[in-house]
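> I have a structure I would like to understand better, so I am pasting it below and will then ask my questions one at a time.
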Amino acid sequence: MEKYFEIFKSSYHGYFNYLWNEITHFHWENYFYGLIIVSLLVWALELLLPWRKNQKIFRKDFWLDTFYMFFNFFLLNLIVLIFLSNTVEALFNDLLSLFGLSVTSFQLFNLNTL
Numbered sequence: 033m034e035k036y037f038e039i040f041k042s043s044y045h046g047y048f049n050y051l052w053n054e055i056t057h058f059h060w061e062n063y064f065y066g067l068i069i070v071s072l073l074v075w076a077l078e079l080l081l082p083w084r085k086n087q088k089i090f091r092k093d094f095w096l097d098t099f100y101m102f103f104n105f106f107l108l109n110l111i112v113l114i115f116l117s118n119t120v121e122a123l124f125n126d127l128l129s130l131f132g133l134s135v136t137s138f139q140l141f142n143l144n145t146l
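The sequence shown lines up with residues 33 to 146 when you count with this note's numbering.
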């Protein structure tokens, strides 16, 4: 069980470091600022060409939508994808090791040799 707790800690620590690096260092492939720029562009288009007439600049749920934008793209990724995928990988490797197998046992060819 301690192994899975370590996976939990390393998953969250690694993703936090990645997210902090994305926020503090601007570069061309930065997903954090890319999301903000795309969202601002779409919002500007919505102001110029409104989908509904007489729509306010800040709709009723504007700030809730902003929160969900960051939650879905960053925090949900941390909660579900990072930890869950690392845990399933460890469980699968543990299951295979019960039979004396590993993932490389099912490998058709080695990509590193190509």
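Cβ atoms here follow ideal geometry from the backbone N, Cα and C, with glycine treated the same way.
Report all residues from its chain with a CB closer than 7 Å to the CB of Asn62; omit the five preceding and five following residues, and keep chain order.
Stepping through the sequence shown from its first residue, residue 62 is reached at position 30. Only Glu54 meet the Cβ criterion.
> Which residues bound the alpha helix (DSSP H) around Thr145?
If you number the sequence shown from 1, residue 145 lands on position 113. Element bounds for Thr145: n/a, residue is neither H nor E.
> Using 8 Å as the Cβ pair cut-off and three pairs as the minimum, do the region 33-53 and the region 110-118 touch?
Three or more Cβ pairs closer than 8 Å define a contact, and the region 33-53 meets that threshold against the region 110-118.
> Measure the alpha-carbon distance for Phe103 versus Ile89 and round it to whole angstroms.
Here the question's residue 103 lines up with position 71 in the sequence shown. Here the question's residue 89 lines up with position 57 in the sequence shown. Cα-Cα distance, rounded: 22 Å.
> From which residue to which residue does the alpha helix (DSSP H) around His45 run?
Taking the sequence shown and counting its residues from 1, the one referred to as residue 45 is at position 13. Taken as a continuous stretch (DSSP letters only), the alpha helix (DSSP H) holding His45 covers 34-56.
> With a Cβ-Cβ cutoff of 8 Å, do Leu128 and Val135 count as a contact?
As a first step, residue 128 must be located in the sequence shown, where it is residue number 96. As a first step, residue 135 must be located in the sequence shown, where it is residue number 103. Contact: yes.
> Suppose you measure from the CA of Leu107 to the CA of Phe64; what does that come to, to the nearest Å?
In the sequence shown, the residue the question calls residue 107 occupies position 75. In the sequence shown, the residue the question calls residue 64 occupies position 32. Distance between the alpha carbons of Leu107 and Phe64 is about 12 Å.
> What span of residues does the alpha helix (DSSP H) with Thr136 cover, start to end?
Residue mapping note: residue 136 aligns to position 104 of the sequence shown, counting from 1. Counting along the chain, Thr136 falls outside any alpha helix (DSSP H), and DSSP gives it neither H nor E.
> Near Asn125, which residues of its chain fall below 8 Å by C-beta distance, leaving aside the five closest residues on each side in sequence?
By 1-based counting over the sequence shown, the position of residue 125 is 93. Counting only Cβ-Cβ distances below 8 Å, and skipping sequence neighbours, we find Ser134, Val135.
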